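Enquirer: Numbering-wise (the working numbering), the sequence shown opens with residue 1357 and increments by one. For glycine and all other residues, C-beta sits at the position ideal for the given N, C-alpha and C. Predicted model only: the values in this text are computed from it and were never measured.
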Amino acid sequence: MLKSFVIMDKKFLISKINRLRKEKNAVIMAHYYQIPEIQDIADFVGDSLALAQQAEKTAADIIVLCGVYFMGETAKILNPRKKVIIPDENAGCSLADSCSAEEFEKFIKAYPNHTVVTYVNTTAAVKALSDITVTSTNAKKIVESLPKDEKIIFAPDKNLGDYINSQTGRKMLLWEGACHVHEQFSLEKLLKLKSQYLDAQILAHPECKKPILLVADFIGSTQALLNYSEKSEKNQFLVATESGILHQMQKQSPKKEFIPVPPDDSTCACNECNFMRLNTLEKLYECLLTEKPEIVLDENIRKKAVKPIKKMLEMSGK
Ligand code: 13P
Ligand code: SF4
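Take a look at the structure:
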């Protein structure tokens, strides 16, 4: 009885969201780490690069960015005249938080004559201090495109930076930042799972620590992991990234089995990003209705931050 009430209620909420987005010419964009209900209602679901690309070319008047704050900021940086709203303004990112603009500016000054490459998981103020941004989809390609003798600072993710160094033979200077979700995966539990699923392939996001990456069969951004799992001839996958991605993996390959790699601490659901999970259908409805919380940026910062993002989008070639 209660269950059917909840289902009815959700259907009603979805119909209200659908009406509002049409009336307001709003586009709903969602990252792969969003809860399944939000991924399913979104006009577009993608990784951080694809979200930035979509934000750049959308014809909508309002962009509802269901992800974390820096993703909303990226959409606003690219669309200063459009309204960008997010369901929950507390949806931060531990990786972006690990690199404050003040500290980063001091770091850059301490190492002059370096090209500053930053991961999109940064605040607008940190992007404004950067020469070029990257995502996990294009980081290798963009770093490789820089002259071989170029001195490079890479921030904020030390695991991704270390992985790119290993792939390109560069010696980028790394900022000591990390994501609290990707740092949590337990090698011991992963190897135990592998002994139960002998034929399974291990898929890992490059934000994971080196021991996890060393045993992975495939390393890539959320989009790359998804593509790989669909094309692979294997039927079982142990997935070392935020578990929200399993929803799309399962949708694209219903006959395959996807097992989330557990975190070190078995008392928490730490393979779920608590920031990404703040967004709910109710908050999505509220934000479409009130057009709040809205992303508002200092125009000086925005103008500086747009350059490294545009450079990345040009080099990503879509
Ligand atoms: P992607 O660039 O793979 O979408 O990753 C974003 C992110 O926040 C990973 O934790
Ligand atoms: Fe940030 Fe990590 Fe959450 Fe990605 S999973 S949004 S890097 S805290």
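(1) Okay, do the region 1401 to 1415 and the region 1609 to 1618 touch, 3+ Cβ pairs below 8 Å being the bar?
(2) Does the beta carbon of D1396 come closer than 7 Å to any beta carbon on chain D?
(3) Could you pull out every residue in the same chain whose Cβ sits closer than 6 Å to the Cβ of F1574, ignoring the five residues on either side in sequence?
(4) Give the C-beta separation of I1419 and A1408 to the nearest angstrom, bearing in mind that I take them to be a contact with Cβ-Cβ under 8 Å.
(5) What number of angstroms, rounded off, separates the C-alpha of A1416 from the C-alpha of E1642?
(6) Distance check for P1649 and I1384, CA to CA, integer angstroms please.
(7) Check whether the Cβ atoms of G1428 and I1601 sit closer than 7 Å, and answer yes or no.
(8) Where I1509 and P1468 are concerned, what is the direct C-alpha to C-alpha distance, given to the nearest angstrom?
(9) For K1527, is the classification buried or exposed, using 16 other Cβ atoms within 10 angstroms of its Cβ as the cut-off for buried?
(10) Just mark N1446 as buried or exposed, buried being the case when its beta carbon has 16 or more other beta carbons within 10 Å.
(11) Could you check whether the Cβ of F1300 sits closer than 6 Å to any heavy atom belonging to the ligand SF4?
(12) Rounded to the nearest angstrom, what separates L1529 and E1506 at their Cα positions?
(13) Taking 7 Å as the limit, name every residue whose beta carbon sits nearer than that to some heavy atom of the ligand SF4, in sequence order.
(14) In this structure, does DSSP put T1414 in helix, strand or coil?
(15) In chain order, what residues have a CB nearer than 5 Å to some heavy atom of the ligand 13P?
(16) To which residues does DSSP link L1529 through a beta bridge?
(17) I believe D1513 touches L1451 by the beta-carbon criterion, under 8 Å. Please report the beta-carbon distance rounded to the nearest angstrom.
(18) Would T1646 be called buried (16 or more neighbouring beta carbons within 10 Å of its own) or exposed?
(19) Got a sec, what are the start and stop residues for the alpha helix (DSSP H) L1485 sits in?
(20) Round the Cβ separation of P1567 and L1549 to the nearest angstrom and send it over; I've been treating them as touching at under 8 Å.
(21) Assign Q1592 to one of three DSSP states: helix, strand, or coil.
(22) So who's on the other strand from F1614, going by DSSP bridges?
(23) Please classify A1556: does DSSP put it in a helix, a strand, or coil?
(24) Three Cβ pairs or more, each shorter than 8 Å: is that satisfied between the region 1618 to 1638 and the region 1456 to 1466?
(25) What is the residue span of the alpha helix (DSSP H) that V1424 lies within?
Expert: So, from the listed chains and residues:
(1) no
(2) In the structure shown, chain D cannot be found, because there is only a single protein chain.
(3) L1559 and Y1584.
(4) Their Cβ separation, rounded to whole angstroms, is 11 Å, which puts I1419 and A1408 out of contact at 8 Å.
(5) 19 Å
(6) 15 Å
(7) The answer is no: Cβ separation not under 7 Å.
(8) 10 Å
(9) exposed
(10) exposed
(11) The chain is shown only over 1357 to 1674; residue 1300 falls outside these bounds and no answer can be derived.
(12) Straight-line Cα distance between these residues: approximately 11 Å.
(13) Y1389, V1424, C1449, S1450, L1451, A1452, N1477, C1535, H1536, V1537, H1538, E1563, E1598, C1629, F1631 and M1632
(14) Judged by DSSP in its simplified three-state form, T1414 adopts coil rather than helix or strand.
(15) D1403, S1404, T1491, S1492, S1577 and T1578
(16) I1509
(17) Between D1513 and L1451 the beta-carbon gap is near 6 Å, inside 8 Å, which marks them as a contact.
(18) exposed
(19) Per DSSP, L1485 belongs to no alpha helix (DSSP H) and is neither H nor E.
(20) Actually they are not in contact, since the Cβ atoms of P1567 and L1549 sit about 15 Å apart, beyond 8 Å.
(21) Three-state result, Q1592: strand.
(22) F1593
(23) When secondary structure is reduced to three states using DSSP, A1556 falls in the coil class, being assigned neither helix nor strand.
(24) no
(25) Element bounds for V1424: n/a, residue is neither H nor E.
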